[in-house]
Structures are given as structure tokens and as C-alpha cells.
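The structure appears right after this line, and notes come after that.
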Amino acid sequence: MNGKKVLFVSSELVPYLPENPVSLMSYEAPRMVNSSGGQIRIFMPRYGNINERRHQLHEVIRLSGMNLVINDMDMPLIIKVASIPKERIQVYFIDNDEYFKRKATFTDADGNLFPDNDERAIFFAKGVVETVKKLNWSPDIIHVHGWMASMVPLYLRKYYADEPLFSESRIVTSVYGKDFEGELDSAMIDKIAFDGIDKEEISALSKPEYNNLLKVAVDHSDAVILAAEELSEDLKNHIDNLSVPVLPYVPLQEAEEAYTNFYNTEVLK
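Residue 0 is where the sequence shown starts when you use numbering that gives the first Met the number 0, and the numbers rise one by one after that.
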């Protein structure tokens with residue numbers, strides 16, 4: 000991986016959020032690439048339950064200030080950064096007061112999904128791409144983790160299809176076990192169609208449940224990593240029918256060798 004540029008886009012990341020399969024692998028995968036000489040950038044949402052003082056987040060004025068249009072509404076984009084000290088890894092946070100100020104990640108105190116999670120996912124996807132454009136940083140690989148990041152492959156391949164910065168980038172999506180019950184806003188498909196994306200490309204989102212979000216992500220990816228031992232048969236069958244390389248599940252202690260080989264021999268070939 001020496002000299003290769005890898006953009007990691009994740010729903011969650013330790014040490015900023017509690018450890019779970021997504022947040023842990025979203026930390027371990029960049030650490031692996033970083034230790035083998037790769038160049039990395041990590042992006043995640045700046046949820047309101049991330050302690051900015053403890054983790055020393057600060058706003059990057061030169062990257063902030065843009066408005067992103069979400070369902071015909073102008074939403075200001077704020078970019079913050081912090082570093083994971085022991086790894087000397089910098090993390091970029093996508094922020095917006097309307098979407099990410101609340102003191103929680105995906106659900107309210109009663110465990111109900113936030114009604115605007117669909118818009119948060121769209122905002123996050125656009126925010127990541129627009130910020131990388133401002134950085135003028137062209138990644139060899141874009142590796143997506145977690146359902147809040149699941150719109151990134153779709154927007155890169157459709158909304159930003161003519162953006163030369165990503166013309167050679169290869170998209171990898173890691174698929175984790177089911178993360179939430181229920182569905183996002185039923186109007187999600189219309190909000191994405193507002194951005195000029197054909198509804199036929201995203202027909203699965205007529206029912207925006209977890210598996211269908213991931214189906215849309217893998218449909219617009221160049222490779223897939225199975226990041227859980229147990230996946231629903233529906234999602235597994237969908238992935239089996241794709242004509243892209245798939246890395247079967249490997250435990251964490253074997254991940255460094257497996258991921259590096261997969262990047263080099265399947266993704267970048």
C-alpha cells in the first residue's frame with residue numbers, strides 16, 4: 000500500500016464513539032494502511048454526542064462555509080478536524096447544526112430512528128465529496144463503512160460522475176450485520192431523485208430499510224468486503240449476484256493481511 004491514497008468514509012469510529020464492529024474496523028483498516036505506508040483520509044459525521052473538548056475538534060474555516068442542497072433546502076456545511084494521537088491519524092468531521100447537533104447518533108432516547116436520517120445520509124455523502132474536492136486529493140480507493148455512509152458510492156457514481164478527481168478511484172463497501180430495525184423516511188427515494196438520479200437506479204429505496212441501503216451501496220461499488228459472519232440471506236444473495244470481487248469475512252486478527260491483499264490484487268488490479 001506504500002504511497003496509495005485511501006479515503007475512509009465511516010458512520011462511526013473509535014475513539015470518538017463506543018466500540019462496535021463498524022467503529023472498530025473503521026479505526027483498524029486506516030491504521031493498517033497508514034502503517035504500511037499508505038496515505039489516508041478519514042471522514043465521519045460530527046454527532047452531538049462526540050465530546051469536542053476531550054477530542055480537541057476544531058473547525059477548518061477554509062473548508063467550511065459551503066451550502067449543500069438537500070431536497071431543495073440550503074444546508075450549511077461545517078468541517079472540523081481532530082487527530083487520533085497514538086496513531087497520528089487525522090479525522091475530518093462533517094457537521095451541520097440541523098442534522099448533527101442533537102446529543103445522539105441515529106436514534107432518540109426511546110430508540111426511535113430520527114425521522115431525518117435519510118437527509119443526514121445524503122448530506123454526509125455530499126459533504127464528504129465536496130470536502131475532498133476542496134482538498135484536491137484524488138484517492139486510489141474509497142472505502143465505505145456503515146449505513147450512514149451508504150449513499151457515498153451512489154453519489155460518486157451518479158451525481159459526481161463527471162468529477163475528474165474521482166475518475167480513477169475504486170469504491171469498496173464493507174457490509175456489516177443488520178444495524179437497525181424499521182425504515183428511513185419513505186420519501187428518501189424522491190429526495191435522491193431531486194438530485195437528478197434516476198429512480199430506477201435506486202428502486203430498492205422505495206423501502207429504505209437497512210438491507211436495501213446496503214444493496215444500493217454495493218450496486219455502485221467496485222468491490223465488497225463482508226465485515227460480519229452473519230448477513231441476511233437476502234443481502235447475501237444480492238452480493239453473490241454482483242460481478243465484482245468480494246472478500247469473505249475474516250476475523251480481526253487476520254484482517255491486515257487479507258485487506259492488504261484484497262486492495263492490491265482485486266481492487267487496484
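All C-beta atoms in this analysis are idealised placements derived from N, C-alpha and C, irrespective of residue type, glycine included.
Judged by DSSP in its simplified three-state form, Q252 adopts helix. If you compare the alpha carbons of V215, K206, P17 and S25 with that of I196, the shortest gap goes to V215. The continuous stretches of beta strand (DSSP E) do not include N116, which lies in the alpha helix (DSSP H) extending over residues N116 to L134. Annotated three-state conformation of Y175 is coil, per DSSP. Across the set H57, V266 and M24, the C-alpha of H57 shows the shortest separation from the C-alpha of S82. Straight through space, the alpha carbons of D178 and S220 are spaced by roughly 20 Å.
Shown here, L62 sits in coil according to DSSP, grouped into three states, outside any helix or strand.
For H237, the uninterrupted alpha helix (DSSP H) segment begins and ends at E232 to D239.
Distance from the CA of D115 to the CA of I49, rounded to the nearest whole angstrom, comes to 19 Å. According to DSSP, V217 shares a beta bridge with no other residue.
In this model, P244 and E265 are separated by some 6 Å (Cα to Cα). At a Cβ-Cβ threshold of 8 Å, L155 and V174 do not count as neighbours. For F7, the uninterrupted beta strand (DSSP E) run begins and ends at K4 to S9, by DSSP. Taking a cut-off of 8 Å for Cβ pairs, the stretch 239-259 and the stretch 24-44 touch, as three or more such pairs fall below it. In this structure, I93 lies away from I39, with their beta-carbon atoms at least 8 Å apart. Distance check between G176 and each of L6, N19 and V8 places N19 closest, using alpha-carbon atoms only. By the beta-carbon neighbour count (other beta carbons within 10 angstroms, threshold 16), S166 is exposed. Listed in chain order, the non-local C-beta contacts of P138 below 8 Å within the same chain comprise K4, V5, L6, R40, V131, F165 and S168, local neighbours out to five positions each way being set aside. In this structure, V21 sits near H144, with a CB-CB distance shorter than 8 Å.
I191 is not a Cβ neighbour of L212, given a cutoff of 8 Å.
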